[in-house]
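Engineer: So for the sequence shown, the UniProt record's numbering puts the first residue at 1; every next one is plus one.
Heads up, the beta-carbon is just placed ideally off N, CA and C, and yes, glycines get one too.
Got a structure here, written out as C-alpha cells. Questions coming.
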Amino acid sequence: MEQINVGIIGCGSITKFRHAPEYKANPYVNEIVFFDRNMERSKALAEEFGGRAVETVEELYNDPSIIAISDCSSNDTHHIFTTDALLSGKHVLCEKPLAVSIEYAEKMLDAQRKSGKKLMVDHNQRFTKAHQKAKQLIESKELGEVLTFKTSFGHQGPEHWSVNNSNATWFFKKERSHSGVAGDLGIHKIDLIHYLLDDEIVDVHAFHGALDKVDENGNPIEVCDNVVAALKTKKGRLGTASFSWTYYGSEDNSTKIYCQKGMMKIYHDPENQLIVETKDGEVIKYQLEAIQTNDNQTSTGVIDAFVDAIINDTDPIVTGQDAMSSLKVVEAILGK
Ligand SMILES: NC(=O)c1ccc[n+]([C@@H]2O[C@H](COP(=O)([O-])OP(=O)(O)OC[C@H]3O[C@@H](n4cnc5c(N)ncnc54)[C@H](O)[C@@H]3O)[C@@H](O)[C@H]2O)c1
1 MEQINVGIIG CGSITKFRHA PEYKANPYVN EIVFFDRNME RSKALAEEFG
51 GRAVETVEEL YNDPSIIAIS DCSSNDTHHI FTTDALLSGK HVLCEKPLAV
101 SIEYAEKMLD AQRKSGKKLM VDHNQRFTKA HQKAKQLIES KELGEVLTFK
151 TSFGHQGPEH WSVNNSNATW FFKKERSHSG VAGDLGIHKI DLIHYLLDDE
201 IVDVHAFHGA LDKVDENGNP IEVCDNVVAA LKTKKGRLGT ASFSWTYYGS
251 EDNSTKIYCQ KGMMKIYHDP ENQLIVETKD GEVIKYQLEA IQTNDNQTST
301 GVIDAFVDAI INDTDPIVTG QDAMSSLKVV EAILGK
C-alpha cells in the first residue's frame, strides 16, 4: 500500500490540535477529508491543513479512496459514526470514551468483528515517553512486583478546551457526555494503569459529584466534575485515583507506582518526567519529554500508530476490547 486518504468526522478541538496535524505530518497520508455538521468548521480545517470538506458523512463512507476514518465527534455519537464507518469498510480510530454505554460499545465491537476492519481507540497516555519507560521498567521487574499505585488527572475543565469555548459545552450535558470527568480524563488513567500493570481494575469504590461547574444557566452541571476512587486489580494491586475538572492551578497528570524494591514518580516534576527511587536510597532521574497538555500540543504518536497498523496490517496498539475494559471501570465508578 502506498498512500491512503483519510476522513475525519467532527472538526472541533481534538481534530484541530491532534488528528489533523498528525495525519498531515504522516508520510502515508495523501488527503484528509473533513466532515462536521457545522460546515464552517470543516471548511476552516480543510483550509488550514489542506484537503477538502464534504457536506454529508455518507460522502466519506461511499468514497473508495478513503481507507480510514477518525471519529472525533462528541461521545454521544461514537457508536453511530464508528459502527457505520466500520460497516462501510473503513478502518476507524475512535476518540475516547468508546461509547456512552456498554451496550453501544458492544455493538461497536460486533461491527469491528463483522467488518474485519481495524478499530483503534485514542488512549494516548500509553504513548508518552515517560509512560513507555515506566512500562519497560515494570516489565523488567528491576523494582520487583507492583504493589500499589496513585494516579491523578485534572485541569481547569473542558469549557476552556472545546471548540465551543463556554459553559454551554456538550462536555457538561448528560445526554452528550454521559460520564463527565470520569469518561473524559479518568478513562485515560484507567487505560494507563491497565497498560502499565498488564492488569485490569475489577473492583471499585468511588465518589463522584458536580462540585463547582455550572452550565450556561448557572445551574450545577448534569455530570460529575470530580471523582475520587479506590481501585483493586485482578492481580490484587490496590490504588487510588482522582480525576478533576476543577484543578484551578496547573494541570496534574501524575502517577506513582509503588513496587517491592522502590517506586516511580511519573510526571510529578516538569524537568524530570520519570523519577525512580529505590528502597536503598538511590534516585534516578529521567529527562524524557514533557507531557502534552492543553497548552502544549506535541505529537501524540497515536495517528502514526493507527496508520502503521493499517499499512503493516497489524493489530492496533489500543484495541476496542482495551477501550471496553476501561469503559467498564468508568461505569463502575459512576455506579452503573
Ligand atoms: N484523546 C484525548 O486526549 C482527547 C482530548 C479531548 C477530546 N477527546 C475526545 O474527542 C471527542 C471530540 O472532542 P473535542 O474536544 O474535539 O470536542 P469539540 O466540542 O471541540 O468538537 C466536537 C465537534 O464534533 C462535531 N459534532 C458533534 N456531533 C456531531 C454530529 N452528530 N455530526 C457532525 N458533527 C458533529 C461538533 O460540531 C464539533 O465541531 C470527544 O469524544 C472527546 O472525549 C479526546
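Do Leu60 and Cys11 come within 8 Å of each other at the CB atom, strictly closer than that value?
Structural biologist: Against the sequence shown, residue 11 aligns to sequence position 11. Against the sequence shown, residue 60 aligns to sequence position 60. Not a contact, by the Cβ cut-off of 8 Å.
Engineer: Take Lys24 and list the residues in its own chain whose beta-carbon comes closer than 6 Å to its own, dropping the five residues that flank it on each side.
Structural biologist: On the sequence shown, residue 24 is found 24 positions in, with the first residue counted as 1. Contacts found: Phe49.
Engineer: Nearer than 7 Å: is that true of the beta carbon of Asp225 relative to any heavy atom of ligand 1?
Structural biologist: If you number the sequence shown from 1, residue 225 lands on position 225. Asp225: no, Cβ never under 7 Å from ligand 1.
Engineer: So is Ala168 buried or exposed if we call it buried at 16+ other beta carbons inside 10 Å?
Structural biologist: For the purposes of this step, residue 168 is identified with residue 168 of the sequence shown, where counting begins at 1. Counting Cβ neighbours within 10 Å, Ala168 comes out exposed, since fewer than 16 surround it.
Engineer: Once you ignore the five residues that flank residue 386 on each side, which residues in its own chain have a CB closer than 8 Å to its CB?
Structural biologist: Here the chain covers residues 1 to 336 and nothing more, so residue 386 does not appear.
Engineer: Does the separation of the CB atoms of Arg176 and Asp76 fall below 8 Å?
Structural biologist: The residue given as residue 176 occupies position 176 in the sequence shown. The residue given as residue 76 occupies position 76 in the sequence shown. Cβ distance < 8 Å, so Arg176 and Asp76 count as in contact.
Engineer: Go ahead and label Thr151 buried or exposed: buried means 16 or more other beta carbons lie within 10 angstroms of its beta carbon, across all protein chains shown.
Structural biologist: Stepping through the sequence shown from its first residue, residue 151 is reached at position 151. By the 10 Å Cβ count, Thr151 comes out buried.
Engineer: Where do the N-terminal and C-terminal ends of the alpha helix (DSSP H) with Glu222 fall, by residue?
Structural biologist: Numbered from its first residue, the sequence shown carries residue 222 at position 222. From DSSP, Glu222 is part of no alpha helix (DSSP H); its letter is neither H nor E.
Engineer: With the cut-off set at 8 Å, would you say Gly209 and Cys224 are in Cβ contact?
Structural biologist: Locating residue 209 in the sequence shown gives position 209, where the first residue counts as 1. Locating residue 224 in the sequence shown gives position 224, where the first residue counts as 1. Yes.
Engineer: Using CA atoms only, rank isn't needed, just tell me which of Gly7, Ile190, His123 is closest to Lys232.
Structural biologist: Working through the sequence shown from its first residue, we reach residue 232 at position 232. Ranking Gly7, Ile190, His123 by Cα distance to Lys232 puts Ile190 first.
Engineer: By DSSP, does Lys90 sit in helix, in strand, or in coil?
Structural biologist: For this step, residue 90 is matched to residue 90 along the sequence shown. DSSP places Lys90 in coil when its eight states are reduced to three.
Engineer: Please report how far the alpha carbon of Asn26 lies from the alpha carbon of Thr15, in whole angstroms.
Structural biologist: As a working mapping, residue 26 is identified with position 26 in the sequence shown. As a working mapping, residue 15 is identified with position 15 in the sequence shown. So the alpha carbons of these two residues sit roughly 15 Å apart.
Engineer: Report the option in Gln132, Trp170, Gly183, Glu251 whose CA atom is closest to the CA atom of Tyr195.
Structural biologist: Numbered from 1 along the sequence shown, position 195 holds the residue referred to as residue 195. Here the closest residue by C-alpha is Gln132.
Engineer: Hey, quick one: how far does the beta strand (DSSP E) through Phe171 stretch, first residue to last?
Structural biologist: On the sequence shown, residue 171 is found 171 positions in, with the first residue counted as 1. Per DSSP, Phe171 belongs to no beta strand (DSSP E) and is neither H nor E.
Engineer: Just the C-alpha distance for Ser65 and Asn5, rounded to the nearest angstrom, thanks.
Structural biologist: By 1-based counting over the sequence shown, the position of residue 65 is 65. By 1-based counting over the sequence shown, the position of residue 5 is 5. Spanning the two alpha carbons is a distance of roughly 6 Å.
Engineer: Ile284 lies in the beta strand (DSSP E); which residues open and close that run?
Structural biologist: Looking up residue 284 in the sequence shown gives position 284. Its beta strand (DSSP E) spans residues 283-286.
Engineer: Give the DSSP-derived three-state secondary structure of Arg18 in the structure shown.
Structural biologist: The count along the sequence shown starts at 1 and reaches residue 18 at position 18. The answer is helix: DSSP assigns Arg18 an H, G or I state.
Engineer: What residue range does the alpha helix (DSSP H) around Leu327 cover?
Structural biologist: By 1-based counting over the sequence shown, the position of residue 327 is 327. Element bounds for Leu327: 320-333.
Engineer: In or out: Tyr267 buried (at least 16 other Cβ within 10 Å) or exposed?
Structural biologist: In the sequence shown, counting from the first residue as 1, residue 267 sits at position 267. Classification for Tyr267: buried.
Engineer: Identify the continuous alpha helix (DSSP H) that holds Asn5 and give its terminal residues.
Structural biologist: As a first step, residue 5 is located in the sequence shown; it is residue number 5 there, counting from the start. Element bounds for Asn5: not the alpha helix (DSSP H) but the beta strand (DSSP E), 4-9.
Engineer: Is the beta carbon of Phe149 sitting closer than 8 Å to the one on Glu222?
Structural biologist: Numbered from 1 along the sequence shown, position 149 holds the residue referred to as residue 149. Numbered from 1 along the sequence shown, position 222 holds the residue referred to as residue 222. Not in contact: Phe149 and Glu222 (Cβ atoms no closer than 8 Å).
Engineer: Taking 7 Å as the line, does the beta carbon of Gly10 fall inside it for any heavy atom of ligand 1?
Structural biologist: Looking up residue 10 in the sequence shown gives position 10. It does: the Cβ of Gly10 is within 7 Å (strictly closer) of some heavy atom of ligand 1.
Engineer: Could you tell me whether any non-hydrogen atom of ligand 1 is closer than 7 Å to the CB of Glu95?
Structural biologist: Within the sequence shown, the letter at position 95 stands for residue 95. Under cutoff, so the answer is yes.
Engineer: Flag Val318 as yes when its Cβ comes closer than 7 Å to any non-hydrogen atom of ligand 1, and as no otherwise.
Structural biologist: Sequence index remark: in the sequence shown, residue 318 carries index 318 (1-based). No, since every heavy atom of ligand 1 falls outside the 7 Å radius drawn around the Cβ of Val318.
Engineer: Would Asn312 pass as a contact of Phe153 if the rule is Cβ separation under 8 Å?
Structural biologist: Stepping through the sequence shown from its first residue, residue 312 is reached at position 312. Stepping through the sequence shown from its first residue, residue 153 is reached at position 153. No, they are not a contact pair.
Engineer: Beta-carbon separation of Ile102 and Leu327 under 8 Å?
Structural biologist: The residue given as residue 102 occupies position 102 in the sequence shown. The residue given as residue 327 occupies position 327 in the sequence shown. It is a contact, given that the beta carbons lie within the stated cut-off.
Engineer: May I ask whether a heavy atom of ligand 1 can be found less than 7 Å away from the beta carbon of Asn167?
Structural biologist: Counted from its first residue, the sequence shown places residue 167 at position 167. No.
Engineer: Ends of the alpha helix (DSSP H) at Tyr195?
Structural biologist: For the purposes of this step, residue 195 is taken as residue 195 along the sequence shown, with counting starting at 1. Segment 187-197, the alpha helix (DSSP H) holding Tyr195.
Engineer: Label Ser250 either buried or exposed according to how many other C-beta atoms from any shown protein chain fall within 10 Å of its C-beta, with 16 as the threshold for buried.
Structural biologist: Start at 1 with the first residue of the sequence shown, and residue 250 comes out as number 250. By the neighbour-count rule (16 or more Cβ atoms within 10 Å), Ser250 is not buried but exposed.
Engineer: Using a Cβ-Cβ distance cut-off of 8 Å, determine whether Thr314 contacts chain B.
Structural biologist: The structure shown contains no chain B; it is built from a single protein chain.
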